[in-house]
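Asker: Before anything else, here's the structure in question.
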Amino acid sequence: MNGQFNHGFTLIELLVTMAVAAILVTMAVPGFQTFFNRNRIAAVTNDYLAAINYARSEAVKGGAITTLCMSSNGSTCNGTQWSQGWVIWADRNANGMLDAGELMRSHGPINAGDVAMGGSQTSFSFNGQGALTTTTGGDTFNICTPSDLTLSNSITIDPSGHLRRVANPGLATCP
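All residue numbers for the sequence shown refer to this note's numbering, where the first residue is -2 and numbers rise by one.
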């Protein structure tokens, strides 16, 4: 041996290490997918809750009807799905239309993988007391991913404007 030591890995040690690493990665990937989906749904839910709360508070603060509606371009109420984005505007001249200078905020399309969201209303408005102006009552918006419905959230707006968030509401399908 002449006092010299060989340093490094043998081929067998390297193969065993790679096999163990491959097994660990294979077990971890599905868990990461659930983690990412849960975070995407939470982010979209929080964005939407913030928009609803902002619209309601601006209606109370300014005294004008404030509307949150679907928007595909960020400047008009022309959207067909909530996932395309939304705008918030205050009807300061009380004509029921989004006019120049009334747009308060816009949110572009949700960019969260396969997260979908939907509700039965295309828009809703708050009055100066923070209540919904619609006569149909409130609405429930579902935010989910088709790959795992147990990760879904729902947001319910009652006629008084009160919000309620429910995690895992037991959805049968994703909008």
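Cβ coordinates follow ideal geometry from the N, Cα and C atoms, glycine included.
For the beta strand (DSSP E) that contains Ala128, what are its first and last residues?
Answerer: From DSSP, Ala128 is part of no beta strand (DSSP E); its letter is neither H nor E.
Asker: Which of the three DSSP states, helix, strand or coil, is assigned to Asn139?
Answerer: Looking at Asn139 - three-state DSSP - the assignment turns out to be strand.
Asker: I believe Met67 touches Trp86 by the beta-carbon criterion, under 8 Å. Please report the beta-carbon distance rounded to the nearest angstrom.
Answerer: Contact doesn't hold; Cβ gap of about 13 Å is too wide.
Asker: Which residue comes first and which comes last in the alpha helix (DSSP H) that contains Asn43?
Answerer: Run containing Asn43: 8 to 59, per the alpha helix (DSSP H) assignment.
Asker: For Val163, collect the residues of the same chain with a Cβ closer than 6 Å to its Cβ; drop the 5 residues on either side in sequence, then sort them by chain order.
Answerer: Cβ neighbours of Val163 beyond the five flanking positions: Ser151.
Asker: Give me, in chain order, the residues of the same chain whose beta-carbon lies closer than 8 Å to that of Gly105; leave out the 5 immediate sequence neighbours on both sides.
Answerer: Here the set comprises Gly71, Gly82.
Asker: Counting only the same chain and skipping the five closest in sequence on each side, list residues whose C-beta sits under 6 Å from that of Ser122.
Answerer: Same-chain partners within the cutoff: Ile62, Thr64, Thr130.
Asker: How many angstroms separate the CA atom of Gly167 from the CA atom of Phe6?
Answerer: Going by the C-alpha atoms only, they are around 52 Å apart.
Asker: Could you tell me the boundaries of the beta strand (DSSP E) in which Val84 lies?
Answerer: From DSSP, the beta strand (DSSP E) with Val84 extends over 83 to 87.
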